[in-house]
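Residue numbers 9 to 446, in my numbering, belong to the letters of the sequence shown in order.
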Amino acid sequence: MKAAPSTFHVKSFGCQMNAYDGDRMAELLEAEGMAQADADAADLVVLNTCHIREKAAEKVYSDIGRLMKRRGGAAAPMIAVAGCVAQAEGAEIPRRAPQVDIVVGPQAYHNLPALVRQAARGERALDTDMPLLSKFGALPARRRQGPSAFLTVQEGCDKFCTYCVVPYTRGAEISRPFAAIVEEAKALVDAGAKEITLLGQNVNAWAEEEKGLDHLIRALDALPGLRRIRYTTSHPNDMTEGLIRAHAEVEALMPYLHLPVQSGSDRVLKAMNRSHDAASYLRIIEQVRAARPDIAVSGDFIVGFPGETDEDFEATLRIVEAVNYAQAFSFKYSARPGTPAAGMEDQVPAPVMDERLQRLQALLGRQQLAFNQASVGRRTSILLERPGRKPGQKIGKTPRLQSVHLETDAAIGELIEVELLSAGPNSLAGAALVRQAA
Ligand code: 5AD
Ligand code: SF4
Numbered sequence: 009m010k011a012a013p014s015t016f017h018v019k020s021f022g023c024q025m026n027a028y029d030g031d032r033m034a035e036l037l038e039a040e041g042m043a044q045a046d047a048d049a050a051d052l053v054v055l056n057t058c059h060i061r062e063k064a065a066e067k068v069y070s071d072i073g074r075l076m077k078r079r080g081g082a083a084a085p086m087i088a089v090a091g092c093v094a095q096a097e098g099a100e101i102p103r104r105a106p107q108v109d110i111v112v113g114p115q116a117y118h119n120l121p122a123l124v125r126q127a128a129r130g131e132r133a134l135d136t137d138m139p140l141l142s143k144f145g146a147l148p149a150r151r152r153q154g155p156s157a158f159l160t161v162q163e164g165c166d167k168f169c170t171y172c173v174v175p176y177t178r179g180a181e182i183s184r185p186f187a188a189i190v191e192e193a194k195a196l197v198d199a200g201a202k203e204i205t206l207l208g209q210n211v212n213a214w215a216e217e218e219k220g221l222d223h224l225i226r227a228l229d230a231l232p233g234l235r236r237i238r239y240t241t242s243h244p245n246d247m248t249e250g251l252i253r254a255h256a257e258v259e260a261l262m263p264y265l266h267l268p269v270q271s272g273s274d275r276v277l278k279a280m281n282r283s284h285d286a287a288s289y290l291r292i293i294e295q296v297r298a299a300r301p302d303i304a305v306s307g308d309f310i311v312g313f314p315g316e317t318d319e320d321f322e323a324t325l326r327i328v329e330a331v332n333y334a335q336a337f338s339f340k341y342s343a344r345p346g347t348p349a350a351g352m353e354d355q356v357p358a359p360v361m362d363e364r365l366q367r368l369q370a371l372l373g374r375q376q377l378a379f380n381q382a383s384v385g386r387r388t389s390i391l392l393e394r395p396g397r398k399p400g401q402k403i404g405k406t407p408r409l410q411s412v413h414l415e416t417d418a419a420i421g422e423l424i425e426v427e428l429l430s431a432g433p434n435s436l437a438g439a440a441l442v443r444q445a446a
């Protein structure tokens with residue numbers, strides 16, 4: 009039996025929503041009187057896991073092993089496995105790793121303090137419920153904050169792409185109520201946030217009655233002190249006219265759109281159950297660019313989906329050429345237990361996937377570098393987010409989400425004007441422009 013913890017450490021893997029959940033778990037534990045500590049010293053370690061690709065579950069077990077080893081003879085911490093692996097594996101986790109005291113799914117983590125008390129009594133503490141009433145109402149108000157904050161507005165997915173585990177780990181699509189979101193946004197701005205990124209697995213499917221995400225964005229735009237609004241991740245089918253218009257009309261809405269297409273082959277898109285095709289995706293991009301010509305477009309790609317031929321893969325290269333991405337994320341297909349695609353015939357051999365991924369990433373890398381290089385010489389605003397490695401150096405983001413390194417006395421959290429001086433594939437160097445007296 010382990011004593012009731014007085015310190016904790018939360019380690020989040022995977023997507024931005026997991027980062028958000030990790031912050032909220034930390035706030036919850038702080039509200040219980042616990043203090044944050046390093047993983048090596050904390051009484052309670054929460055591993056907030058991801059299940060989207062590869063051997064995520066295996067990684068959890070090896071992480072636990074490494075943690076125990078690093079701590080050597082020190083008292084073993086209480087270990088909680090949270091997130092999507094917890095949801096998918098449930099009671100299997102403590103069976104395989106008896107050191108694990110708590111298993112808690114992404115829709116149940118508001119119960120974490122109760123689970124900790126249960127574990128401290130030596131009881132098995134497992135909660136992978138997906139309650140009808142969402143967890144959000146049971147969480148304490150937002151407190152922890154930097155200049156750029158995440159805010160989950162929509163969760164879960166009803167689209168059932170055949171490769172994807174999200175509908176099973178995060179559950180059905182829900183939109184948080186408008187009033188609760190605005191209240192949380194206000195609390196974040198009061199705590200110093202200048203930028204808010206609205207999160208959802210299908211964030212542009214957010215709706216309340218007749219109102220869509222554009223309505224929410226316009227309401228947040230009215231909050232004094234909130235200078236930048238972003239949203240991610242969007243599905244092509246929920247890219248409404250109203251949302252596209254917001255890109256033309258709402259100044260605080262940043263010119264960046266993450267719109268995954270996954271493949272450029274209509275045959276593969278059909279097998280993925282994406283319910284859009286290459287042409288309809290390209291039409292959306294065209295409309296978005298007509299509304300906001302300088303918008304940076306990013307995407308996600310999967311290579312080696314079951315049955316993908318050389319010809320299908322060439323179609324993916326063609327759509328990448330047609331769109332010209334500012335940034336992109338590309339992955340080898342990974343069979344997820346329980347998803348329809350995992351049982352499909354014609355799984356693509358690993359060396360073929362490797363070769364396709366390399367070719368795709370080379371093309372996307374060239375596009376990303378060209379996009380950054382085309383920004384050199386421009387003046388733009390950046391939001392300073394964190395110190396850089398060198399003394400005096402700080403790192404900020406442009407409206408189009410490029411990282412900029414520069415030397416400046418301005419404080420983290422300030423929005424400053426810079427000139428972009430040089431570009432690499434992943435970041436740019438800039439110089440602060442002298443601030444004019446107002
Ligand atoms: N295999 C590989 N990549 C996947 N993604 C989602 N599921 C899988 C899978 N089974 C990718 C998609 C998605 C991103 C978050 O992860 O590209 O948009
Ligand atoms: Fe990973 Fe998806 Fe869960 Fe995010 S929602 S942690 S990407 S499995």
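Idealized CB from N, CA, C, for every residue including glycine. Given the structure is predicted, the values throughout are model-derived calculations rather than measurements.
Assign Val-296 to buried or exposed, taking buried as 16 or more other Cβ atoms, counted over all protein chains shown, within 10 Å of its Cβ.
Taking all protein chains shown into account, Val-296 has 16 or more neighbouring C-beta atoms within 10 Å of its C-beta and is therefore buried.
Proximity to Ser-342 [Cα-Cα], best of Asn-332, Leu-365, Ala-336:
Comparing Cα positions, the closest option is Leu-365.
Chain-order list of residues whose beta-carbon lies under 8 Å from that of Leu-377 (same chain, five-residue window excluded)
So the list reads Ala-431, Gly-432, Pro-433, once near-sequence residues are dropped.
For Ala-187, which option in Ile-225, Val-173, Leu-134, Cys-169 has the closest C-alpha, if you only look at C-alpha atoms?
It is Ile-225.
Ala-149 to Lys-194, Cα distance in whole Å?
When the Cα atoms are used, Ala-149 and Lys-194 turn out to be separated by approximately 11 Å.
Does DSSP put Gly-220 in a helix, a strand or coil?
Gly-220 sits in a strand when the DSSP states are folded into three classes.
Does the count of Cβ pairs from the stretch 309-327 and the stretch 282-294 closer than 8 Å reach three?
Result yes; three or more Cβ-Cβ pairs closer than 8 Å.
Assign Ser-14 to buried or exposed, taking buried as 16 or more other Cβ atoms, counted over all protein chains shown, within 10 Å of its Cβ.
Counting Cβ neighbours within 10 Å, Ser-14 comes out exposed, since fewer than 16 surround it.
Taking 7 Å as the cut-off, is the beta-carbon of Ile-310 closer than that to any non-hydrogen atom of the ligand 5AD?
Indeed, a heavy atom of the ligand 5AD lies less than 7 Å from the Cβ.
Please list, in chain order, all residues of the same chain as Gln-401 whose beta carbon is under 8 Å from its beta carbon, the five residues on each side excluded.
Around Gln-401: Pro-395, His-413, Leu-414, Glu-415.
Give the secondary structure of Thr-57 by DSSP, where H, G and I count as helix, E and B as strand, and everything else as coil.
Under the three-state reduction of DSSP, Thr-57 is assigned to strand.
Please determine, among Ala-382, Asp-417, Gly-385, the residue with the shortest C-alpha to C-alpha distance to Pro-399.
Between Pro-399 and the set Ala-382, Asp-417, Gly-385, the nearest pair of CA atoms involves Asp-417.
For Ile-87, which residues in the same chain have their Cβ closer than 6 Å to its Cβ, ignoring the five residues on either side in sequence?
The answer, listed in chain order, is Val-53, Gln-107, Val-108, Asp-109.
What number of angstroms, rounded off, separates the C-alpha of Ile-310 from the C-alpha of Ser-273?
So the two alpha carbons sit approximately 11 Å from each other.
Under the criterion of a Cβ to heavy atom distance below 7 Å, does Gln-270 qualify as lining the ligand 5AD?
Yes, the Cβ of Gln-270 comes within 7 Å of a heavy atom of the ligand 5AD.
Provide the residue span of the beta strand (DSSP E) that contains Gln-335, from first to last.
Looking at the DSSP string, the run of the beta strand (DSSP E) that includes Gln-335 is 335-340.
Find out if the Cβ-Cβ distance for the pair Leu-207, Val-276 is shorter than 8 Å.
At a Cβ-Cβ threshold of 8 Å, Leu-207 and Val-276 do not count as neighbours.
Counting C-beta neighbours from all protein chains within 10 Å, is the total for Gly-447 16 or more, i.e. buried, or is it exposed?
Lying outside 9 to 446, the shown extent of the chain, residue 447 is not represented and no answer is given.
Limits of the beta strand (DSSP E) - the one that Lys-405 falls within:
Per DSSP, Lys-405 belongs to the beta strand (DSSP E) from 401-405.
I need the DSSP call for Met-138, collapsed to helix, strand or coil.
It is coil, neither helix nor strand.
Reference Gln-369; option with closest CA among Asp-308, Ala-358, Gln-355:
The option with the nearest alpha carbon to Gln-369 is Asp-308.
Continuous alpha helix (DSSP H) stretch holding Pro-175: start and end:
Note, Pro-175: alpha helix (DSSP H), 174-177.
Label Gln-115 either buried or exposed according to how many other C-beta atoms from any shown protein chain fall within 10 Å of its C-beta, with 16 as the threshold for buried.
Per the 10 Å Cβ criterion, buried.
First and last residue of the uninterrupted beta strand (DSSP E) at Met-86
86-90 is the span of the beta strand (DSSP E), which, as asked, contains Met-86.
Please go through the stretch 368-422 and give each complete beta strand (DSSP E) segment of 3 or more residues, from N-terminal end onward.
Runs found: 387-395, 401-405, 411-415.
Output the boundary residues of the beta strand (DSSP E) element that contains Thr-205.
Element bounds for Thr-205: 203-207.
Any non-hydrogen atom of the ligand 5AD within 7 Å of Phe-339 CB:
Phe-339 Cβ: within cutoff of the ligand 5AD.
Pull the bridge partners of Ile-110 from the DSSP assignment, please.
Per DSSP, Ala-88, Ala-133.
What do you get for Glu-4, buried or exposed, if any count of 16 or more other CB atoms within 10 angstroms of its CB means buried?
No information on residue 4 is available, as it lies outside the stretch 9 to 446 that the chain covers here.
State the start and end residues of the unbroken beta strand (DSSP E) segment that holds Val-18.
15-20 is the extent of the beta strand (DSSP E) around Val-18.
Pull up the CB-CB distance for Ala-298 and Arg-408, whole angstroms please, since I reckon it's below 8 Å.
Rounded, the Cβ-Cβ distance is 17 Å, inconsistent with contact.
Any non-hydrogen atom of the ligand 5AD closer than 7 Å to Ser-273 Cβ
Using a cutoff of 7 Å, the CB of Ser-273 does not count as near the ligand 5AD, since none of the ligand's heavy atoms is closer than that.
Within 10 Å of its beta-carbon, does Asn-332 have 16 or more other beta-carbons around it, so buried, or fewer, so exposed?
Asn-332 sits exposed, since fewer than 16 C-beta atoms from the chains shown fall within 10 Å of its C-beta.
Out of Val-258, Arg-397, Lys-10, state which residue places its alpha-carbon closest to the alpha-carbon of Gln-131.
Looking at the sequence provided, one finds Glu at residue 131 rather than Gln. Ranking the options by Cα distance to Glu-131, first place goes to Lys-10.
Leaving aside the five residues before and after Ala-446 along the sequence, list all residues of the same chain whose C-beta is less than 6 Å from its C-beta, in chain order.
For Ala-446, the predicted structure reports a pLDDT of 47, less than 50, and the residue's modelled location is therefore unreliable. The matter cannot be settled from this model.
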